[in-house]
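Chains as they are written, first to last, in this note's numbering: chain A, 6 to 358; chain B, 6 to 358; chain C, 6 to 358. Note that CB positions come from ideal geometry on N, CA and C, so glycine has one too. Nothing here was measured: the structure is a model prediction, and the numbers come from that model. To start, the structure under review is shown below, and the notes come after it.
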Amino acid sequence: MNKTLQELADYLGGHVVGDPTVSIGGLGTLDTATEGQITFLANTKYALKVKTTRATAIIIPPNADPFDRNALVVASPYLAFAKLLALYSAKPRIVKGIMDGAFVDNGAVIGKEASVYPGTFIADGVQIGDRVTLHPNVTLYEGVVVGDDVTLHAGVSVREGCRIGNRVTIHNGTVIGGDGFGYAPDGHSWIKIPQIGNVVIEDDVEIGANSAVDRAALETTRIGRGTKIDNLVQVAHNCLVGEDCIIVAQAGIAGSVKLGRHVTLGGQVAVVDHAVIGDNAMISGQSGVFGNVASGAILSGTPAISHQARLRAAAVFPHLPEMRKTLARMGNRLTKVEEQQLEPPRIAPLAVV
Amino acid sequence: MNKTLQELADYLGGHVVGDPTVSIGGLGTLDTATEGQITFLANTKYALKVKTTRATAIIIPPNADPFDRNALVVASPYLAFAKLLALYSAKPRIVKGIMDGAFVDNGAVIGKEASVYPGTFIADGVQIGDRVTLHPNVTLYEGVVVGDDVTLHAGVSVREGCRIGNRVTIHNGTVIGGDGFGYAPDGHSWIKIPQIGNVVIEDDVEIGANSAVDRAALETTRIGRGTKIDNLVQVAHNCLVGEDCIIVAQAGIAGSVKLGRHVTLGGQVAVVDHAVIGDNAMISGQSGVFGNVASGAILSGTPAISHQARLRAAAVFPHLPEMRKTLARMGNRLTKVEEQQLEPPRIAPLAVV
Amino acid sequence: MNKTLQELADYLGGHVVGDPTVSIGGLGTLDTATEGQITFLANTKYALKVKTTRATAIIIPPNADPFDRNALVVASPYLAFAKLLALYSAKPRIVKGIMDGAFVDNGAVIGKEASVYPGTFIADGVQIGDRVTLHPNVTLYEGVVVGDDVTLHAGVSVREGCRIGNRVTIHNGTVIGGDGFGYAPDGHSWIKIPQIGNVVIEDDVEIGANSAVDRAALETTRIGRGTKIDNLVQVAHNCLVGEDCIIVAQAGIAGSVKLGRHVTLGGQVAVVDHAVIGDNAMISGQSGVFGNVASGAILSGTPAISHQARLRAAAVFPHLPEMRKTLARMGNRLTKVEEQQLEPPRIAPLAVV
């Protein structure tokens with residue numbers, strides 16, 4: 006597929022600097038793009054590469070120097086690049102139908118234009134929308150509901166009674182609706198608390214590989230519309246995750262946590278049970294959140310404190326042993342000074358005499 | 006299913022305050038329960054909700070005020086609730102038999118009343134007890150032994166020669182008996198140490214989704230009776246986990262670790278190889294255990310120290326930059342004071358005169 | 006299988022002390038080995054066990070005391086043990102062919118002596134080398150290339166266009182080539198950046214269970230020859246992992262990270278995106294690497310600093326509350342001392358009089 010630079014500008018809502026008729030057949034990075042490709046400048050620290058890239062055109066922000074190259078000026082080059090990549094890499098969806106070796110219960114309903122691969126199991130009472138792709142070895146337990154335009158990759162499990170919205174993609178091996186981790190102590194042993202709630206995944210959610218979203222004990226664990234979850238993430242029972250959140254790989258959210266909208270959890274973050282995290286809060290990687298977090302807060306460390314405070318504190322860590330010694334030495338010096346002040350001044354006898 | 010409050014009291018071993026004949030058809034939380042349901046007061050901070058909940062009856066501890074409501078008094082309302090939830094949510098197990106599309110080797114033995122779903126593979130030499138449910142796409146390698154009343158969810162793998170006890174539940178995608186991570190350095194490269202031991206999961210263990218318990222190098226990795234393991238947990242080769250432990254999501258236990266009985270590891274805890282952790286020890290979330298832990302210890306942080314000490318230390322972190330500056334300033338002030346003391350007293354000339 | 010001690014010495018390139026004709030039929034640890042077995046002394050702290058082990062022979066390093074036992078002296082007993090374990094535990098590979106219930110697309114090519122188990126799905130355009138074992142429920146998407154002598158365990162997914170080298174082993178549930186986690190902000194929502202690159206796993210790599218290696222956005226995520234990756238590890242898009250690295254369980258590497266050769270990442274380590282880690286660097290467990298790391302560095306903590314500095318700093322943590330109080334008290338004492346110095350000496354009036 007080839008488009009002129011002007012066609013791309015029209016598609017993205019930007020304007021061209023240079024030759025609007027050059028033909029663009031693909032995309033590359035500033036370093037790897039070749040002739041006939043377009044690249045983008047997202048970080049001003051690479052502004053000089055605009056001069057030297059072999060790309061035929063460069064997507065730049067309004068204030069960047071095009072260095073006499075063909076440029077496409079847009080508010081957000083990164084977003085523009087994402088949209089062009091989608092445009093150039095789009096492939097027509099192939100409808101496979103229900104393939105041999107897929108197991109579909111008679112009590113299941115599947116919409117139009119489905120692709121259901123071998124080894125996939127669809128239980129009684131499952132309802133599936135239109136244009137759904139179920140890759141091999143997906144398992145949908147009884148009563149699962151799946152919306153339109155959903156892709157579930159190989160090995161995904163969706164447990165009994167869970168609901169998946171429209172335009173949801175779940176990558177390989179992820180488990181939706183495993184039992185929440187709840188036990189009551191009975192003297193020495195642990196008595197299981199039945200987990201009879203479910204999980205609801207709202208529209209436009211994407212979840213990575215080998216993650217786990219547990220079913221609620223009684224009600225619903227919910228992942229809000231547009232939220233994106235990375236690989237190996239744990240979402241425990243009864244969590245309510247808001248819309249448009251970003252949860253990076255290996256983060257873990259304990260039971261009954263409430264995330265506002267547009268919250269970002271960095272990789273390997275842990276959030277203690279029942280915490281409430283406000284809208285737009287950002288928790289940096291590996292932090293441990295031990296309580297509620299205000300909207301818009303940027304936290305870091307374990308227990309998480311203000312990101313700036315955390316960086317300043319951590320900068321002191323290497324000096325702690327020396328600080329401890331200094332403190333001890335200063336204590337001794339101070340004691341000496343105090344003892345001298347309490348002694349009668351050495352000069353006094355002379356003075357009195 | 007409906008039971009009178011008195012019937013529930015008899016079942017749980019508690020006593021009724023109020024009307025023992027009211028009919029209970031289900032359960033809810035203090036906030037969500039409706040008429041005809043029972044709820045429970047587990048945390049005294051919600052004691053006033055007993056007054057206002059719409060539930061027909063409330064399970065309360067001995068010292069709580071029933072506020073003239075119908076109450077069922079028991080020692081542990083939370084445990085009582087767990088038991089009632091199991092009672093009300095119990096469904097008869099449906100025996101599916103060996104379904105079409107399940108692959109069972111001729112050399113495998115399967116007990117009575119099994120449900121073996123499509124896509125499940127049972128290798129030569131596998132022995133399976135009675136009333137076992139193997140969901141779709143479970144893989145049991147050669148020589149695996151599975152006890153009675155076991156449920157393995159979709160996508161579980163149990164590798165060659167591993168043994169699963171009675172009444173064990175393993176959730177989706179968990180891997181029992183993958184190779185331990187052992188290599189010997191040979192100059193620049195790594196030579197694999199064959200992992201020829203196995204894993205033994207004792208009775209009444211439950212393991213969450215997408216966890217991994219590695220086979221021992223030579224002997225056995227063991228998960229003790231009644232232990233509960235959450236999602237995405239790593240148990241490395243040769244670990245010996247005691248009975249009735251609780252291991253929360255994303256915790257990782259390195260090789261040859263020994264956990265006593267009733268140990269709790271919080272979420273994302275890491276335990277260094279060969280550590281020995283005593284009975285009833287509790288390690289709080291995200292802690293790193295770098296050595297042995299005494300029985301009953303409550304530890305926190307990386308490296309883990311006493312939980313209280315850790316909280317007190319962490320509370321100082323935000324003050325460290327200011328402490329460092331104060332220390333420097335005090336050093337200067339002290340030096341001045343010391344210099345003045347060493348000078349001949351300014352008063353001396355006057356006195357002498 | 007039985008070999009004389011001399012035969013084992015010849016195989017390993019060591020020499021015998023004691024009786025070279027004794028027959029060895031297997032291996033055990035210093036504590037568990039029985040007659041007819043060989044064991045090894047890897048850690049000098051157990052040197053006295055050489056005296057008492059029931060093993061018929063012991064592999065020892067050059068400077069160890071054989072205590073009049075039959076010994077096999079080699080430079081690295083641990084490496085020798087690994088090699089003997091491989092020798093004694095080797096089993097002939099059984100060629101199963103394409104088993105019933107495996108789904109192989111007509112457009113796929115499979116080499117000689119394959120074992121392809123039921124439930125495995127091989128898509129169009131897949132090319133597979135010789136002597137490959139694909140356990141049940143493996144899924145190979147379109148255009149995947151797999152080398153010779155590869156073993157993929159049950160539930161592994163390899164996504165479209167990814168390449169697996171020779172002699173690679175991947176354990177159960179691991180996902181190669183899931184989409185990288187890339188979204189561009191569009192006001193409130195997140196626009197997916199298509200991930201159209203792939204993953205290349207080079208020769209002699211081993212990857213544990215339930216790990217995830219994401220496909221690159223545009224180019225290739227690469228795992229270098231001989232690298233060993235443990236369970237539940239996250240490797241994000243565009244990472245370039247060098248040769249002979251060791252990545253321990255639950256470590257996570259963010260996007261575009263570059264690891265040199267022979268780098269070690271401990272368990273639960275996190276590495277920030279775009280970091281460059283030099284050859285032979287070692288990052289201790291649970292550390293957070295927030296920037297580049299020099300070759301050969303040994304780092305620890307979050308943010309990671311020199312391992313020794315980190316241990317010394319952490320040793321001060323429990324003393325921080327007391328240090329803070331001491332600092333405040335010393336400030337007060339110092340102020341008093343300073344005030345006294347500013348006062349006219351109490352003795353002065355006397356002196357003047």
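Item to complete: In the DSSP assignment, find the unbroken alpha helix (DSSP H) run with B/Gly-213 in it and report its ends.
Response: As a working mapping, residue 213 of chain B is identified with position 208 in the second sequence. Run containing B/Gly-213: none; DSSP gives neither H nor E here.
Fill in: Whole-angstrom C-beta distance between B/Gly-112 and B/Asn-171, which should lie under 8 Å
Stepping through the second sequence from its first residue, residue 171 of chain B is reached at position 166. Stepping through the second sequence from its first residue, residue 112 of chain B is reached at position 107. B/Asn-171 to B/Gly-112, Cβ: 23 Å. No contact.
Worksheet entry | 4 or more residues per run - each alpha helix (DSSP H) lying fully within the stretch 309-349 of chain B | DSSP runs (the alpha helix (DSSP H)) wholly in the stretch 309-349 of chain B: 312-321 and 325-347.
Worksheet entry | Where A/Val-274 falls, given that 16 or more other Cβ within 10 Å makes a residue buried | On the first sequence, residue 274 of chain A is found 269 positions in, with the first residue counted as 1. Burial call: buried.
Worksheet item: If you follow the beta strand (DSSP E) that A/Asp-219 is part of, which residue opens it and which one closes it?
Response: Numbered from 1 along the first sequence, position 214 holds the residue referred to as residue 219 of chain A. Unbroken beta strand (DSSP E) run through A/Asp-219: 217-219.
Worksheet entry | Neighbour list for A/Arg-329 in chain F, Cβ cutoff strictly below 7 Å | The structure shown has no chain F; the protein chains it does contain are A, B and C.
Practice prompt. Pick helix, strand or coil for A/Asp-15, following the three-state DSSP scheme.
Written response: Within the first sequence, the letter at position 10 stands for residue 15 of chain A. Helix at A/Asp-15.
Worksheet item: So is A/Glu-40 in contact with chain C if we call contact Cβ pairs under 8 Å?
Response: Position 35 of the first sequence, counting from 1, holds the residue named residue 40 of chain A. Interface residue (Cβ-Cβ distance to chain C less than 8 Å): A/Glu-40 is not classified as such.
Worksheet item: Can you find a C-beta in chain B that's less than 8 Å from the C-beta of C/Ser-81?
Response: Here the question's residue 81 of chain C lines up with position 76 in the third sequence. Contact with chain B is found for C/Ser-81, since one of that chain's Cβ atoms lies less than 8 Å from the residue's Cβ.
Item to complete: On the DSSP bridge assignment, give the partners of C/Lys-263 in chain order.
Response: Here residue 263 of chain C refers to the residue found at position 258 of the third sequence. Residue pairing for C/Lys-263: DSSP places it in a beta bridge opposite C/Leu-245 and C/Val-281.
Item to complete: Report all residues from its chain with a CB closer than 6 Å to the CB of C/Gly-160; omit the five preceding and five following residues, and keep chain order.
Response: Walking along the third sequence from the start, residue 160 of chain C turns up at place 155. Excluding sequence neighbours, C/Gly-160 sits near Asn-142, Asn-177 and Gly-178.
Worksheet entry | Residue from A/Gln-42, A/Gly-41 and A/Ile-64 whose Cα sits closest to the Cα of A/Ala-52 | Working through the first sequence from its first residue, we reach residue 52 of chain A at position 47. Here the closest residue by C-alpha is A/Ile-64.
Fill in: Counterpart residues of A/Tyr-188 in DSSP-defined beta bridges
For the purposes of this step, residue 188 of chain A is taken as residue 183 along the first sequence, with counting starting at 1. Paired residues: A/Lys-197.
Worksheet entry | Span of the alpha helix (DSSP H), counted from its first residue to its last, around A/Leu-84 | Here residue 84 of chain A is taken as the residue at index 79 of the first sequence, counted from 1. Going by DSSP, A/Leu-84 is part of the alpha helix (DSSP H) stretching over 82-94.
Worksheet item: Quick check: the stretch 194-208 of chain B against the stretch 218-232 of chain B, are there 3 or more CB pairs under 8 Å?
Response: Contact holds: three or more Cβ-Cβ distances are below 8 Å.
Worksheet item: Terminal residues of the continuous alpha helix (DSSP H) containing C/Val-131?
Response: As a position in the third sequence, residue 131 of chain C is number 126, starting the count at 1. Where C/Val-131 is concerned, there is no enclosing alpha helix (DSSP H), given that its DSSP letter is neither H nor E.
Worksheet entry | Proximal chain B residues relative to C/His-426, where beta-carbon distance stays under 8 Å | Residue 426 of chain C falls outside the range modelled here, since chain C spans only 6 to 358, and no answer is possible.
Worksheet entry | With 16 other Cβ atoms within 10 Å as the buried cut-off, status of A/Ile-267 | Along the first sequence, one-based indexing puts residue 267 of chain A at 262. In the sequence as presented, Ile is not what sits at residue 267 of chain A; that position holds His. Counting other Cβ atoms within 10 Å of its Cβ, A/His-267 reaches 16 or more and is therefore classed as buried.
Discussion item. Between which two residues does the beta strand (DSSP E) holding B/Val-55 run?
Written reply: As a first step, residue 55 of chain B must be located in the second sequence, where it is residue number 50. Looking at the DSSP string, B/Val-55 is not in any beta strand (DSSP E); the run it does join, the alpha helix (DSSP H), is 54-57.
Worksheet item: Which residues mark the beginning and the end of the beta strand (DSSP E) in which B/His-140 is found?
Response: Counting from 1 along the second sequence, the entry for residue 140 of chain B is found at position 135. Counting along the chain, B/His-140 falls outside any beta strand (DSSP E), and DSSP gives it neither H nor E.
Discussion item. Looking only at its chain, what residues have a beta carbon closer than 8 Å to the beta carbon of B/Val-21, apart from the 5 residues adjacent to it on each side?
Written reply: Your numbering for residue 21 of chain B matches position 16 in the second sequence. Only Leu-10, Gln-11, Ala-14, Asn-75, Ala-76, Leu-77 and Val-78 meet the Cβ criterion.
Worksheet item: Does the beta carbon of A/Val-156 sit closer than 8 Å to a beta carbon anywhere in chain B?
Response: As a position in the first sequence, residue 156 of chain A is number 151, starting the count at 1. Strictly speaking, residue 156 of chain A in this sequence is Thr, with Val absent from that position. Not one chain B Cβ lies under 8 Å of A/Thr-156.
Item to complete: Mark B/Gln-239 as exposed unless 16 or more other C-beta atoms lie within 10 angstroms of its C-beta, in which case mark it buried.
Response: Here the question's residue 239 of chain B lines up with position 234 in the second sequence. Buried, because 16 or more other Cβ atoms sit within 10 Å of the Cβ of B/Gln-239.
Worksheet item: For a contact meaning CB atoms closer than 7 Å, what does B/Tyr-16 contact in chain C?
Response: Locating residue 16 of chain B in the second sequence gives position 11, counting from the first residue. None at all; the shortest Cβ gap to chain C is about 40 Å.
Discussion item. Along the chain, where does the beta strand (DSSP E) containing A/Phe-45 start, and where does it finish?
Written reply: Locating residue 45 of chain A in the first sequence gives position 40, where the first residue counts as 1. Following the DSSP letters along the chain, one finds A/Phe-45 inside the beta strand (DSSP E) bounded by residues 42-45.
Fill in: Within chain A, partners of C/His-193 - CB distance below 9 Å
If you number the third sequence from 1, residue 193 of chain C lands on position 188. Simply Gly-231, Glu-248, Asp-249, Arg-266 and His-267.
Discussion item. I want to verify the contact list: residues of chain A whose CB lies under 9 Å from the CB of B/Val-173, in sequence order.
Written reply: Position 168 of the second sequence, counted from the first residue, corresponds to residue 173 of chain B. The contacting residues do not exist; B/Val-173 stays about 12 Å from chain A at best.
Fill in: C/Leu-35 (DSSP reduced to helix, strand or coil)
For this step, residue 35 of chain C is matched to residue 30 along the third sequence. Three-state DSSP puts C/Leu-35 in coil, outside helix and strand.
Worksheet item: Does the distance from the CB of C/Val-100 to the CB of C/Gly-116 come in under 8 Å?
Response: Counting from one through the third sequence, the residue named residue 100 of chain C turns up at place 95. Counting from one through the third sequence, the residue named residue 116 of chain C turns up at place 111. With respect to the 8 Å criterion, C/Val-100 and C/Gly-116 are not classified as neighbours on the basis of their beta carbons.
Worksheet entry | Buried/exposed call for B/Gln-313, threshold 16 Cβ in 10 Å | Your numbering for residue 313 of chain B matches position 308 in the second sequence. With fewer than 16 other Cβ atoms from the protein chains shown falling within 10 Å of its own Cβ, B/Gln-313 counts as exposed.
Practice prompt. Output the distance between the C-alpha atoms of B/Thr-125 and C/His-140, rounded to the nearest integer angstrom.
Written response: Counting from 1 along the second sequence, the entry for residue 125 of chain B is found at position 120. Counting from 1 along the third sequence, the entry for residue 140 of chain C is found at position 135. CA-to-CA, the gap between B/Thr-125 and C/His-140 works out to about 12 Å.
Item to complete: Using three-state DSSP, classify C/Thr-307 as helix, strand or coil.
Response: Position 302 of the third sequence, counted from the start, is the residue given in the question as residue 307 of chain C. DSSP places C/Thr-307 in the coil class of the three-state scheme, outside both helix and strand.
Fill in: Span of the beta strand (DSSP E) around B/Ile-228
Counting from 1 along the second sequence, the entry for residue 228 of chain B is found at position 223. 225-228 is the span of the beta strand (DSSP E), which, as asked, contains B/Ile-228.
Fill in: chain C contact for B/Lys-197 (CB, 8 Å cutoff)
Position 192 of the second sequence, counted from the first residue, corresponds to residue 197 of chain B. Residue-level contact by beta carbon holds for B/Lys-197 and chain C, with a gap shorter than 8 Å.
Fill in: Cross-chain neighbours of A/Tyr-122 in chain C, by beta carbon under 7 Å
As a working mapping, residue 122 of chain A is identified with position 117 in the first sequence. For A/Tyr-122, the neighbours in chain C by C-beta distance under 7 Å run, in chain order, Phe-126.
Fill in: Against chain C: residues of the stretch 330-348 of chain B by CB proximity under 7 Å
Answer set for the stretch 330-348 of chain B: Thr-331, Leu-332, Met-335, Arg-338, Leu-339, Val-342 and Gln-345.
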